[in-house]
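Student: In my numbering, the protein residues as written are 4 to 562.
A virtual CB, placed ideally from N, CA and C, is assigned to each residue, including glycine.
Take a look at the following structure, please.
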């Protein structure tokens, strides 16, 4: 699974005290969610160019407007109260389409608003309510697609699929096709859904609830079949359920994105012309992949050290505690809150215990897969000719990887090491292999969604180029050499080294004092905010508790 918008970036790690207890509580809640459930058999069928059949009592059928020269759209309105409030709502049905049919759309109640899920021939969108966007729906950055999505869409002509859509009280939404989760979203602030003036009841009347000025009331739901000219468009055996999984813990138990355990890069992870210098170990490599869709990955620092947290779309983390957005610049996580600062690439906050935390964004809307297993045996640098050996030896060391995929709105910022055995290592994982060809560097990422790239040195401290995956995804890739910017002596935490990639005291951030960044004219690092003297040779500042800190410049490396 691989892994949209909440233009936020978040995360946090390690099992804090009490997480073992939290895990037991989760198991109990999941077990107890066997559930009373309220079930409504909504209709036997909703079909383009035909009226719905066998409607449940109280369910309202309506006509829809034409679209793109097509006609015959219709749908169902399910008033509030048919499933109990505060439950997870689940809509299930079979769906088939052909010709130019505009697919099916499902409306779920979430909080005080709705979400609209569009399932079309070639894509799935999840929208945060609002006025009727048309049968195609706006392409929404909220929607995150899995690998199963790429295997399922576009749909074949006349193909019948089994669809299940779920919306949790937290705002987490999932779409399942033929038993596989194909799309998810975390809808922070859903708004009420409302239809346009083109919709009307079958008797021709236009009650207020179907006008664009009057939004659907909270707790209501519905399903809409799009128009068509030729072909078919039908949803059958429509069932609405209210499930007793009433919180994010339930979501964590239900969401099972496909784990990409069968991902296999090519037998030789290096470019073809590197084969003479390498010997692949084993016929395939098992890549480390999260089990659920990742919203973002953060390096987090607190009193225990620096570690990693994966934020999942369903409001959980890989560390056993939950998170949720409070606003565009604040999140609740673990047992405290954190503010997004530094343009959203850093966060600063505190646990309720009083511990101060800070963090740096590592990956947004993706997970760069890697492996802890040996990948290849490579011809030692000592056996190369002297010119090539010198060039390669100059590459060995610490770098900052920056990569972005504009189409998928995905960003990566990882501290890595070019090792002498031609691996690119990140946090103990091999994420790529490298070799040189004259004055260019060829890099093959193990993650097949990134692919291979040839980098040209812009100077001795920066490499840049583009990577192209087998699926034709294009990434902008850059490596910047990590350098020491300055070394300081402090009265509170000893010697502090500031590195060019935003790390403090350790270029890879494995331990030390966390991260630093500029805050206007001042500087912030770890839990301290400090200001420099006029000659920039000393600083003073305080932490969140008011504890003072003084620092004196020890050294600035020569260029």
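Is residue 346 helix, strand or coil by DSSP?
Tutor: Helix.
Student: Residue 80 lies in the beta strand (DSSP E); which residues open and close that run?
Tutor: That run of the beta strand (DSSP E) goes 77–81.
Student: Output the distance between the C-alpha atoms of residue 240 and residue 42, rounded to the nearest integer angstrom.
Tutor: If I take the Cα positions, the gap works out to 13 Å.
Student: For residue 121, I'd like the list of residues in its chain whose CB is within less than 6 Å of its CB, leaving aside the five on either flank, ordered along the chain.
Tutor: Only 108, 128, 140 meet the Cβ criterion.
Student: Do residue 507 and residue 519 have their beta-carbon atoms positioned less than 7 Å apart in this structure?
Tutor: Yes, these two residues count as a Cβ contact at 7 Å.
Student: Quick check on the DSSP output: the alpha helix (DSSP H) that includes residue 179 runs from which residue to which?
Tutor: First-last for residue 179: 175–180, but that is the beta strand (DSSP E), not the alpha helix (DSSP H).
Student: Taking the beta carbon of residue 442 as the centre, do at least 16 other beta carbons fall within 10 Å, making it buried, or is it exposed?
Tutor: Label assigned to residue 442: exposed.
Student: Using a beta-carbon distance below 7 Å, is residue 198 in contact with chain D?
Tutor: Among the protein chains of the structure shown there is no chain D, as only one such chain exists.
Student: Three-state secondary structure (DSSP) at residue 151?
Tutor: Residue 151: helix per DSSP, three-state reduction.
Student: So for residue 269, helix, strand or coil by DSSP?
Tutor: For residue 269, the predicted model reports a pLDDT of 31, less than 50, meaning its position is unreliable; a value from the coordinates is still stated below. Note: residue 269 maps to coil in three-state DSSP.
Student: To which residues does DSSP link residue 66 through a beta bridge?
Tutor: Paired residue(s): 77, 203.
Student: If you reduce the DSSP assignment to three classes, tell me which class residue 163 lands in.
Tutor: It is a strand residue.
Student: Report yes or no: do the segment 485–496 and the segment 445–453 share at least 3 C-beta pairs separated by less than 8 Å?
Tutor: Counting Cβ pairs under 8 Å, fewer than three are found: no touch.
Student: Could you say if the segment 490–501 and the segment 418–433 meet the contact criterion of at least three C-beta pairs nearer than 8 Å?
Tutor: With the cut-off at 8 Å, the segment 490–501 and the segment 418–433 do not touch.
Student: Is the Cβ-Cβ distance between residue 101 and residue 51 less than 7 Å?
Tutor: Contact flag unset, no.
Student: Examine the Cβ distances between the segment 81–88 and the segment 43–62 and report whether three or more of them are shorter than 8 Å.
Tutor: Short answer: they touch.
Student: Look up residue 42 in the DSSP assignment and say whether it is helix, strand or coil.
Tutor: Correct three-state label for residue 42: strand.
Student: Using the rule of at least 16 other Cβ atoms within 10 Å of the residue's Cβ for burial, across every protein chain shown, is residue 123 buried or exposed?
Tutor: It counts as buried.
Student: Near residue 31, what residues of its chain come up, given a Cβ to Cβ distance below 8 Å and the 5 sequence neighbours on each side ignored?
Tutor: Reliability fails at residue 31, whose pLDDT of 27 lies under 50, so the model's placement of it is uncertain and no value is given.
Student: Using the three-state DSSP reduction, which class does residue 128 fall into: helix, strand or coil?
Tutor: Strand, per DSSP.
Student: Cβ of residue 309 within 7 Å of Cβ of residue 137?
Tutor: The answer is no: Cβ separation not under 7 Å.
Student: Applying the criterion that 16 or more other CB atoms from any shown protein chain within 10 Å of the CB defines a buried residue, is residue 592 buried or exposed?
Tutor: Residue coverage of the chain in this structure runs from 4 to 562, which leaves residue 592 outside it and unanswerable.
Student: Which residues share a DSSP beta bridge with residue 311?
Tutor: Its beta-bridge partners are 302.
Student: Looking at the secondary structure, which residues open and close the beta strand (DSSP E) in which residue 71 lies?
Tutor: Residue 71 -> no beta strand (DSSP E), and no H or E assigned at all.
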